[in-house]
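Asker: Protein chains in written order, with the numbering used here: chain S, 1 to 308; chain V, 1001 to 1272. Submitted below is the structure of interest, expressed as structure tokens.
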Amino acid sequence: MYVYLPIAELPVQVPLFLALGCMVGFLSGLFGVGGGFLLTPLMIFLGIPPAVAVGTSAAHIVATSVSGAVTQYRRNNVDLKMGGVMLAGGVIGTIIGVEAVRLLRKAGLFDVTVSLTYMIFLGVVGTLMLIESINTWRHAQSTGGKKRKKSGQHSFIDGLPLKMRFQRSKLYMSAIPPAIIGMFVGFMAAIMGVGGGFFIIPAMIYLLRMPTSVVVGTSLFQILFVAVLATILQAVQNKSVDVVLATLLITGGVIGAQIGAMSARRFKGEELRGLLAALVLLVALRVAYDLVVTPAELFNFGPSQVPK
Amino acid sequence: MRVGQFLLRLSLVVWLCVVASHGAAIAGATATLPEAIEADVSARSVSVQADFTGTEIVVFGTVENSRQPSAEAGTYDIIIVVEGTSVPHVVRRKSNLGGLWMNTTSVRFASLPSYYAIASTRPIQDIAELPILTQNQIGFEHVRMVKSGSGRTQPTDAEDLAEFRDAVVRLKKRDGLYIQSDYAVAFVGRSLFRTTIKVPPNVPIGVLKAKVYLFREGRLLGEYKSEVALARAGIERVLHDVAYRHGLLYGLGVVFFAVAAGLASAFAFRRE
């Protein structure tokens, strides 16, 4: 069963894209990430033009993160204050990122930048998460599940001004680090066409030392608003959001996200992080493979319309 | 009486001669009347709707004053070219820089056909000489590709540029947008011919121009042009128009739908 996409200008198989949306939605509900880092490359692989894939995955992230964020909010797992501070940084980062995309495309360096950032960030984040979750798991094995306490490790962050109290996270810290993390995530979101969950979750856990219970909910909250902004910007500036494709992905995605959120309760935090790390590393390796191995076809069509 | 009879016979002979010579003149004229071509496409417009999965265009026509004794005689050659709208294309080439494959050189073509299908009675190089094919832009090697002056990393020599031209054809063939079918045009009588041109679903929407060329012994005897308008219709048209004319409204609409779908599923799956 095929349906013709009005913006991508090609027909796609309906069940295939429903399944893709469902699968990515499941992962997003399970890990608390938007899933853009998986969805965008998979759509391109299935023949969707890259610009449409990036624009439309933002819409999918809105839908899956809304259902995830609402579920988490009901369970009181969202630190609204922390999310708000990050979001403020995120908006600035997104605007800078959109401008960077324009300049890079003009210089013809956009593709390489995307591949390299994917490879480096997914690779580094994936490796760190994997090491951390293996360590935690081994530590838990040897001490019978008692969580390792880390203290006095972020004296640099403690020294920063603009201190705020984040009740839900039980933190009293400067607003600067979360704002900078949010800004960086917004910047990456604009360049890579992803929500940035794979980056924001480790940053919250390892840099901000937020309790794991509020990390997933708060990151979904931040991702939701970044994705809303990205969808509207892509629709207005690039005309690259395909509403029919988005409908297919979202229909599958919201169901998958709910199943994922339910399944998440059955796993321990470090197990989830280990799985997410493995997934992130897999995507990084795939991107690295394409960058390093001699391609069968050296030529390709670039975007014919360079944005002004 | 005899004279009268003679005169009558004479006039009859003269009349017969006149008729005979006139008839010969008609027959002679038939033998030397130039051939011409008339052709058309099966549909002047194709609407692209939600169920569009590509289409087929039948191109048919007739050779006027055909001297061909039968459909199989092969006196005439027909080449049919269907061309999509010409649009700018950027072609990039990867090369290895420090172990990484990245796009380094690019050529910007200001205009080249987004779609190009060619069907003929036999391979085009057997039908006509190169200059004729080049002049009429028949065949992938002769497709009009206008290189744009502006470009950051342009190849300098002609040989390099030819490689980019070849790459365009190769990539377009891979995407099913450049199609060549030798022997696809068939005569169904002494003068009637037809072929079917495949239009893939990923064809860029616009006007397709069909050109039909008639050849005999390598000479171009005539050509005929027609058009097929591919146009969005129904919901496809509405969505496309809104997306391009009212981007903000469209974006907000997509976000609204996404949020509503997300909330609806969160509500539906609520277990408390």
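Where a beta carbon is used, it is the ideal one built from N, C-alpha and C, also for glycine.
With 8 Å set as the bound, which would you pick, yes or no: does the beta-carbon of V/M1145 sit closer than that to a beta-carbon of chain S?
Answerer: No - not a single Cβ of chain S is within 8 Å of the one on V/M1145.
Asker: Mind listing, in chain order, the continuous beta strand (DSSP E) runs of no fewer than 3 residues lying wholly within the stretch 1118-1205 of chain V?
Answerer: Fully enclosed beta strand (DSSP E) runs of 3 or longer: 1178-1181, 1192-1199.
Asker: Is there a Cβ of chain V sitting closer than 8 Å to that of S/L10, yes or no?
Answerer: Yes, because at least one Cβ of chain V sits closer than 8 Å to the Cβ of S/L10.
Asker: Roughly how many angstroms lie between the CA atoms of S/A53 and S/V114, to the nearest whole one?
Answerer: Each residue's Cα considered, the two are about 14 Å apart.
Asker: At a Cβ cut of 7 Å, what residues of the stretch 1088-1111 of chain V count as close to chain S, listed as they run along the chain?
Answerer: Cβ contacts with chain S come from P1088, H1089, V1090, V1091, R1092, R1093, K1094, G1099, L1100, W1101, M1102, N1103, S1106.
Asker: Do we get a CB-CB distance below 8 Å when we pair V/V1255 with the residues of chain S?
Answerer: Yes, V/V1255 counts as interfacial toward chain S.
Asker: Given a cut-off of 8 Å on the beta-carbon distance, is the pair S/L272 and S/M210 in contact?
Answerer: Cβ distance not < 8 Å, so S/L272 and S/M210 don't count as in contact.
Asker: Counting only the same chain and skipping the five closest in sequence on each side, list residues whose C-beta sits under 6 Å from that of S/F187.
Answerer: Result list for S/F187: G93, I96, G97, in chain order.
Asker: With 8 Å as the C-beta to C-beta threshold (strictly closer), list the residues of the stretch 280-302 of chain S near chain V in chain order.
Answerer: Answer set for the stretch 280-302 of chain S: D290, L291, V292, V293, T294, P295, E297, L298, F299, N300, F301, G302.
Asker: Using the three-state DSSP reduction, which class does S/K147 fall into: helix, strand or coil?
Answerer: Model confidence at S/K147 stands at a pLDDT of 47, short of 50, so the residue's coordinates are unreliable; what they give is reported in the following sentence. Here S/K147 sits in coil by DSSP.
Asker: I'd like to know whether the C-beta of V/P1113 is nearer than 8 Å to at least one C-beta of chain S.
Answerer: Judged by the 8 Å Cβ criterion, V/P1113 is not in contact with chain S.
Asker: What residue range is occupied by the uninterrupted alpha helix (DSSP H) comprising S/A235?
Answerer: Where S/A235 is concerned, there is no enclosing alpha helix (DSSP H), given that its DSSP letter is neither H nor E.
Asker: Whose Cβ in chain V lies nearer than 7 Å to the Cβ of S/K239?
Answerer: Those are A1243, Y1244, G1247, listed as they occur along chain V.
Asker: What residues in the stretch 36-70 of chain S have a beta carbon less than 7 Å from any beta carbon of chain V?
Answerer: Listed by position along the chain: A59, V62, A63, T64, V66, S67, V70.
Asker: Counting along the chain, where does the alpha helix (DSSP H) carrying S/V101 start and finish?
Answerer: S/V101 -> alpha helix (DSSP H) spans 80-107.
Asker: Does the Cβ of V/R1174 have 16 or more other Cβ atoms within 10 Å, making it buried, or fewer, making it exposed?
Answerer: When all chains shown are included, V/R1174 counts as exposed.
Asker: Leaving out the 5 sequence neighbours to the left and right, which residues in its chain are closer than 6 Å to V/A1186 when beta-carbon positions are compared?
Answerer: There are no such residues.
Asker: In angstroms with no decimal places, state the Cα-to-Cα distance between S/K106 and V/G1084.
Answerer: The straight-line gap from Cα to Cα measures roughly 27 Å.
Asker: Mind pulling the chain S residues with CB within less than 7 Å of V/F1269?
Answerer: Under the 7 Å cutoff, chain S gives Q258.
Asker: Specify the secondary structure class of S/S169 as computed by DSSP and reduced to three states.
Answerer: Here S/S169 sits in coil by DSSP.
Asker: Quick check on the burial criterion: 16 or more other C-beta atoms within 10 angstroms. Buried or exposed for S/A278?
Answerer: Answer is exposed; the Cβ neighbour count stays below 16.
Asker: Rounding to the nearest angstrom, what Cα-Cα distance links S/S28 and V/R1108 in this structure?
Answerer: Cα to Cα, S/S28 sits roughly 40 Å from V/R1108.
Asker: Which residues, in chain order, does the stretch 246-257 of chain S contribute to contact with chain V at a C-beta distance below 9 Å?
Answerer: Against chain V - using a Cβ distance shorter than 9 Å - the residues of the stretch 246-257 of chain S are A246, T247, I250, T251, G253, V254, I255, A257.
Asker: Mark S/A8 as exposed unless 16 or more other C-beta atoms lie within 10 angstroms of its C-beta, in which case mark it buried.
Answerer: Classification of S/A8: buried, given that the 10 Å Cβ count is 16 or more.
Asker: Do S/P41 and S/V283 count as a contact pair if the criterion is CB distance below 8 Å?
Answerer: Closer than 8 Å, so yes.
Asker: Among residues of its own chain, excluding the 5 on either side of S/V33, which ones have a beta-carbon nearer than 8 Å to its beta-carbon?
Answerer: Only L27, G195, G197, F198, I201, S219, I223, L276 meet the Cβ criterion.
Asker: The beta strand (DSSP E) with S/D290 in it runs from where to where?
Answerer: From DSSP, S/D290 is part of no beta strand (DSSP E) but of the alpha helix (DSSP H) over 269-292.
Asker: In its own chain, which residues sit with a C-beta less than 8 Å from the C-beta of V/K1147, not counting the 5 before and 5 after it?
Answerer: So the qualifying residues of the chain are V1107, R1108, F1109, A1110, L1161.
Asker: Applying the criterion that 16 or more other CB atoms from any shown protein chain within 10 Å of the CB defines a buried residue, is S/Q72 buried or exposed?
Answerer: That one is buried.
Asker: S/A235 and S/G89: beta carbons closer than 8 Å?
Answerer: Their beta carbons are not under 8 Å apart, which means S/A235 does not touch S/G89 by this criterion.
Asker: Under the assumption that V/R1190 contacts V/Q1068 (Cβ atoms under 8 Å), give the Cβ distance between them as a whole number of angstroms.
Answerer: Their Cβ separation, rounded to whole angstroms, is 5 Å, which keeps V/R1190 and V/Q1068 in contact under 8 Å.
Asker: Does the ligand FMN have even one heavy atom less than 7 Å from the beta-carbon of S/A203?
Answerer: Only the bare structure without any ligand can be found here, which leaves the ligand FMN out of the picture.
Asker: Assign V/E1159 to one of two classes, buried (16 or more other C-beta atoms within 10 Å of its C-beta) or exposed (fewer than that).
Answerer: Counting Cβ neighbours within 10 Å, V/E1159 comes out exposed, since fewer than 16 surround it.
Asker: Can you have a look at V/E1227 and say buried or exposed, based on whether 16 or more other CB atoms are within 10 angstroms of its CB?
Answerer: Exposed, because fewer than 16 other Cβ atoms sit within 10 Å of the Cβ of V/E1227.
Asker: Using C-beta distances below 8 Å, list every residue in its chain close to S/S213, excluding the 5 sequence neighbours before and after it, in chain order.
Answerer: Only N77 meet the Cβ criterion.
Asker: What separation, rounded to the nearest whole angstrom, lies between the Cα atoms of V/V1238 and V/K1211?
Answerer: Cα to Cα, the separation comes out at about 32 Å.
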